[in-house]
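In the order they appear, the protein sequences are chains A and B. Start counting the first sequence at 0; every next residue gets the next number (numbering that gives the first Met the number 0). Start counting the second sequence at 0; every next residue gets the next number (numbering that gives the first Met the number 0). Here's the structure, in structure tokens; my notes come after.
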Amino acid sequence: MIKKTFSNYLLLSVTAFLSFAIMFGYLIYTDSESYNKYKDLFADNPNVIFSYNGAESKNELRAVTKQLDKLSDTHYYYMRQCVAQTSFGKECEVNFLPGYVWGLYLTSNDSEVVTSRAARAMIKGKYEVSIGVNEALVSQRVYNSLKPDKNGKKQLKLIFTNDEGKRILKKYDVAAAYSGPNEYDDLETNSSIDSVYLNIGSVDEDECSILNLDLVIYTEQKDFVIQQLKKSNVTCEEVYTEQNQAVRDIKNGIMNKYLIAAVLFILLGINLYSSFTNALKDRKFEIGVKRAIGAKKSSIMLQFVIEGFTVMLANTLLSVWTVLSLMNVYKFVKEIVFNEKYIVTINTESLILFVVFTFFLILIFSLLFAYKSTKVEIVKYLKEEL
Amino acid sequence: MVKDINIELSGIKKSYDKPVLKDICLSVTNYSYVTIVGKSGSGKSTLMNILGLIEGFDGGVYRFNNTVIKKGKDYSKLRYENIGFIFQSYNLIPTLTCRENIMLPLVYSSKQSGSFDEIIESLDIADLLDKKVTVLSGGEKQRVAIARALLLNPSLIIADEPTGNLDPTNTRTVLNLLEKENKKGRAVIMITHDDTIAREAGKVYRLENGVLHENY
Ligand SMILES: Nc1ncnc2c1ncn2[C@@H]1O[C@H](COP(=O)(O)OP(=O)(O)OP(=O)(O)O)[C@@H](O)[C@H]1O
Ligand SMILES: [Mg+2]
Chain A
0 MIKKTFSNYL
10 LLSVTAFLSF
20 AIMFGYLIYT
30 DSESYNKYKD
40 LFADNPNVIF
50 SYNGAESKNE
60 LRAVTKQLDK
70 LSDTHYYYMR
80 QCVAQTSFGK
90 ECEVNFLPGY
100 VWGLYLTSND
110 SEVVTSRAAR
120 AMIKGKYEVS
130 IGVNEALVSQ
140 RVYNSLKPDK
150 NGKKQLKLIF
160 TNDEGKRILK
170 KYDVAAAYSG
180 PNEYDDLETN
190 SSIDSVYLNI
200 GSVDEDECSI
210 LNLDLVIYTE
220 QKDFVIQQLK
230 KSNVTCEEVY
240 TEQNQAVRDI
250 KNGIMNKYLI
260 AAVLFILLGI
270 NLYSSFTNAL
280 KDRKFEIGVK
290 RAIGAKKSSI
300 MLQFVIEGFT
310 VMLANTLLSV
320 WTVLSLMNVY
330 KFVKEIVFNE
340 KYIVTINTES
350 LILFVVFTFF
360 LILIFSLLFA
370 YKSTKVEIVK
380 YLKEEL
Chain B
0 MVKDINIELS
10 GIKKSYDKPV
20 LKDICLSVTN
30 YSYVTIVGKS
40 GSGKSTLMNI
50 LGLIEGFDGG
60 VYRFNNTVIK
70 KGKDYSKLRY
80 ENIGFIFQSY
90 NLIPTLTCRE
100 NIMLPLVYSS
110 KQSGSFDEII
120 ESLDIADLLD
130 KKVTVLSGGE
140 KQRVAIARAL
150 LLNPSLIIAD
160 EPTGNLDPTN
170 TRTVLNLLEK
180 ENKKGRAVIM
190 ITHDDTIARE
200 AGKVYRLENG
210 VLHENY
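Here's what the structure looks like:
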């Protein structure tokens, strides 16, 4: 019986299949593309605030950092550039950081020796510590301020900005923590200075330059801190302007989706309508006979609603399956051929849109179909076959 | 028990491009056995379709068991409760087997079926039941169509040339069956070309120029 029904509905099935595949394919493709485009961005800590001109007005900055010092769940670091010599003569960037702060000290790629006089003094009795790539040497105070992750591991997170202004979050395992005072007090503040030492290999120079960052604040109280910064006339950028922009992009994407869904709805609607009419043509005689022997309009309608629903639903599932398979092929190509990590995903909104879309198409057309099937005088359907 | 049946037509008109039925008057009740003869194209099938409530008419009054039939309304209940229609062109659904075709009315009616086995036996179609309708001969199709029409114990049997494709033996069988059903109280309206068959009926009409004439 199902087989019979399907042969009757072949044209309709093809149309429905293509319609739903186009719709679902469009949704899942755009969702996956935007997800993969933005996934790094959203992996970043959203509770970060940048201030670009902190150094220009020290008093204001001091006022701000005083405020920040009072917040237990807020850390900040101040970055200033200078050029220093490493032990093997290569120039590298050194950052001294005031306040509660984390200094950045880039050690040589292979050097296992921290060459800074200050650091040497601070590593209690032990003057050498090995810092691997993606490891950091931090002060006890910084270490204490780091939040352990789920596994109880403390990681230092730093943000770099490359030449294009794109921010990159880098994570460093703590190689060791040192204690003791820091000699540097470059900003002439009363605060002592904590320095963080990194292996120079941890920083890809193409990817990261740290030239244009002044004050970087991690905080759980983003709104409050922004308010404080504004009050002190320190211009700041709420972290993820990029994140916000991305959110806006995605929202625009959703508008486009609705638009395209509407257009597809109309196009596919017309298509489905003619396919339904075609399918009906083949069934007129059957309808005529059934009604002639006493079938109620409603039972004929029910039959066609059920058939229409089954056919459309089967095609929906088939199209979803096909699209998913195609997307996995696409993912495979991306990952194997282009060596890019790719995740196939669909947003809840898109999913709802698709479900509503298919549901309405199915409902409207099977009802319309069923209704049309009972409109005509029975004898006309019977004579149709002759 | 056969249900009461009482139908009355007066002044029924029907035109397509030309007028086909001009002034049809006919009344049928339980135990009526009416035969209609007429030239090909005289409108016999048209009249049957109107009687069987599957075609509308342009004028006149059609009363079916006290229901006045109006155009465009759905009389499916009257159809499956009262009418067994044997079509001139069989109207069997080609995708179904004979059994499915015969049983089809049961799908749309809560009514208990008549004695299926008895009907099958008297029409000698037991061997055909599981065949596809499309492979049957004309006479076999006709008998399957008759079985379907009789399944729900209709009080009115409308038979549009039920013996048109049958050999003398099967013609006899079908006529005997209709006669037997008529004796139980069912009304029978039958169309035929065959004068000898017509003579067996209680009442014979000739359809000519859109009017029924009492004949013989
Ligand atoms: N749907 C229609 N549209 C136009 N003309 C029609 C239609 N149906 C029937 N006719 C015409 O009405 C006339 C009566 O047709 P009908 O089928 O009732 O004849 P009949 O008496 O049953 O003939 P036969 O003995 O050959 O079966 C014919 O001339 C036919 O061509
Ligand atoms: Mg005819």
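For glycine and all other residues, C-beta sits at the position ideal for the given N, C-alpha and C.
Return the CA-CA distance between residue i and residue j, expressed in angstroms with no decimal places.
i, j, result
"A:T357", "B:I23", "52 Å"
"A:T218", "A:V224", "8 Å"
"A:V173", "A:D68", "23 Å"
"B:G59", "B:I11", "4 Å"
"A:A176", "A:K229", "34 Å"
"A:N232", "A:Q226", "10 Å"
"A:K65", "A:S33", "40 Å"
"B:R185", "B:V27", "10 Å"
"B:G40", "B:P18", "12 Å"
"B:I157", "B:V134", "26 Å"
"A:S12", "A:A261", "21 Å"
"B:E213", "B:P161", "21 Å"
"A:I21", "A:D248", "22 Å"
"A:E339", "A:S372", "53 Å"
"A:A245", "A:N251", "10 Å"
"B:V36", "B:L206", "6 Å"
"A:K221", "A:K153", "22 Å"
"B:L8", "B:T191", "20 Å"
"B:M102", "A:S318", "37 Å"
"A:I299", "B:E80", "17 Å"
"B:M189", "B:T34", "5 Å"
Is there a Cβ from chain B that is less than 8 Å from the Cβ of residue i?
i, result
"A:L10", "no"
"A:V304", "no"
"A:V375", "no"
"A:L301", "no"
"A:L381", "yes"
Starting from residue i, find everything on chain B with Cβ-Cβ shorter than 8 Å and list it in chain order.
i, result
"A:S372", "Neighbours of A:S372 on chain B: none; closest Cβ ~13 Å, over 8 Å."
"A:D36", "Checking the sequence, you will find Lys at residue 36 of chain A rather than Asp. Residues of chain B passing the Cβ test: none, with the nearest at roughly 52 Å."
Please compile the residues from chain B whose C-beta is within a distance smaller than 9 Å of the C-beta of residue i.
i, result
"A:G307", "Result: empty, since nearest Cβ-Cβ is about 18 Å, beyond 9 Å."
"A:K296", "D73 and S75"
"A:V288", "F86, N90, L91, I92, N100 and L103"
With DSSP collapsed to three states, give me the class of residue i.
i, result
"B:F86", "coil"
"A:K256", "helix"
"A:D172", "strand"
"A:S318", "helix"
"A:Q220", "coil"
"A:M311", "helix"
"B:S14", "strand"
"B:A200", "coil"
"B:S26", "strand"
"B:G59", "strand"
"A:T188", "Its pLDDT being 42, under 50, A:T188 is placed unreliably by the model, and nothing is read from it."
"A:R282", "helix"
"B:P93", "coil"
"A:Q73", "Position check: residue 73 of chain A holds Thr in this sequence, whereas Gln was assumed. Note: A:T73 maps to strand in three-state DSSP."
"B:V1", "coil"
"A:G102", "Here A:G102 scores only 37 on pLDDT, less than 50, and its place in the model should not be relied on; the value that follows carries that caveat. Here A:G102 sits in strand by DSSP."
"B:K43", "helix"
"B:R185", "coil"
"A:K123", "Its pLDDT being 39, under 50, A:K123 is placed unreliably in this model, and the coordinates cannot settle the point."
"A:T14", "helix"
Flag residue i as yes if its beta-carbon sits less than 8 Å from any beta-carbon of chain A, otherwise no.
i, result
"B:S108", "yes"
"B:N90", "yes"
"B:R147", "yes"
"B:R78", "yes"
Counting only Cβ pairs nearer than 7 Å, list the residues of chain A close to residue i.
i, result
"B:P104", "I292 and G293"
"B:G55", "E376"
"B:N48", "V378"
Given that residue i touches chain B, what residues does it touch there, using C-beta distances under 7 Å?
i, result
"A:E402", "Not covered by the structure: residue 402 of chain A. The range shown for chain A is 0 to 385."
Of all the CB atoms in chain D, is at least one closer than 8 Å to the CB of residue i?
i, result
"A:K152", "In the structure shown, chain D cannot be found, because the protein chains are A and B."
Fill in: Length at least 3, wholly inside the stretch 120 to 172 of chain B: the beta strand (DSSP E) runs in chain order
155 to 159
Worksheet item: Relative to ligand 4, what is the chain-ordered list of residues with a Cβ closer than 5 Å to any of its non-hydrogen atoms?
Response: Summarising the ligand content, the structure contains ligand 1 and ligand 2 and does not contain ligand 4.
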